[in-house]
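Structure, as structure tokens:
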Amino acid sequence: MAERALRGTRLGATSYESDRDTDLAPRQEVTFDCPKGHRFSVPFAAEAEVPAKWECRICGATAVTAAGGAPAAAKPKPPRSHWDMLMERRTIADLEEVLAERLAVIRGQREAAAGAAGAAAAQPRQRRSA
Ligand SMILES: [Zn+2]
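In this text, residue positions in the sequence shown follow my numbering: the first is 3, and each later residue adds one.
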């Protein structure tokens, strides 16, 4: 930052007055942790709302505040399984009922299919014997 300011310096453009003996605005240093292990701090005005994320100064990845909002943001929600979603809509008693209904339907279909197959299988036998 300081380098960039000097590069564009022209006489009169920049104040060379030092910070000595002046009261700086109240500020706070906020520490950010990068996912790659870099740690850096950014000064903010004391009354500024500190962002939960900041671009890492070393690698450019998204870093999060070391304290404060970080734990909530860093904790990822466990992925919801199909079972979890089902259990939000149904109870075990409901499911038992649905299962019983479906089993009855499937058994009915099987019996019908077995009956049809039996009849179909029976016919050629009759023809052969005849
Ligand atoms: Zn980094």
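Beta carbons: idealized from backbone N, C-alpha and C, even for Gly.
The model shown is predicted, which means the values in this text are computed figures rather than measured ones.
Evaluate residue i with the Cβ neighbour count: other Cβ atoms within 10 Å of its Cβ, from every protein chain shown; 16 or more gives buried, anything less gives exposed.
i: VAL107; result: exposed
i: TRP85; result: exposed
Give the DSSP-derived three-state secondary structure of residue i in the structure shown.
i: GLU49; result: coil
i: ARG41; result: strand
i: ALA72; result: With a pLDDT of only 43 at ALA72, under the threshold of 50, the placement of this residue in the model should not be trusted; the figure read from the coordinates follows. ALA72 falls in the helix class under three-state DSSP.
i: ASP23; result: coil
i: ALA65; result: strand
i: ARG112; result: helix
i: ARG29; result: strand
Alpha carbon to alpha carbon, how far is residue j from residue i? Give it in angstroms, no decimals.
i: LEU101; j: ALA95; result: 10 angstroms
i: ALA68; j: ALA54; result: 9 angstroms
i: PRO81; j: MET87; result: 11 angstroms
i: GLN111; j: LEU105; result: 10 angstroms
i: LEU97; j: CYS61; result: 51 angstroms
i: ALA50; j: SER20; result: 25 angstroms
i: THR24; j: SER17; result: 14 angstroms
i: ALA119; j: GLU103; result: 24 angstroms
i: MET136; j: GLY117; result: The requested residue 136 is not part of the displayed model; the chain covers only 3 to 132.
i: ARG109; j: GLU99; result: 15 angstroms
Quick one: residues in its chain with C-beta nearer than 6 angstroms to the C-beta of residue i, no 5 flanking neighbours on either side, listed in chain order?
i: CYS58; result: CYS36, HIS40, ALA65
i: VAL52; result: VAL32, PHE46
Can you list, in chain order, the residues of its chain whose CB lies under 8 angstroms from that of residue i, leaving out five sequence neighbours each side?
i: SER43; result: GLU31, VAL32, THR33, PHE34
If I measure Cβ to Cβ from residue i and keep anything under 7 angstroms in the same chain, skipping five residues before and after, which residues do I get?
i: TRP56; result: PHE34, VAL44, ALA65
i: ALA48; result: PRO28, ARG29, GLN30
i: PRO114; result: Residue 114 is actually Ala in this sequence, not Pro. Counting only Cβ-Cβ distances below 7 angstroms, and skipping sequence neighbours, we find nothing.
How about residue i and residue j: are their beta carbons less than 8 angstroms apart?
i: ALA63; j: LYS79; result: no
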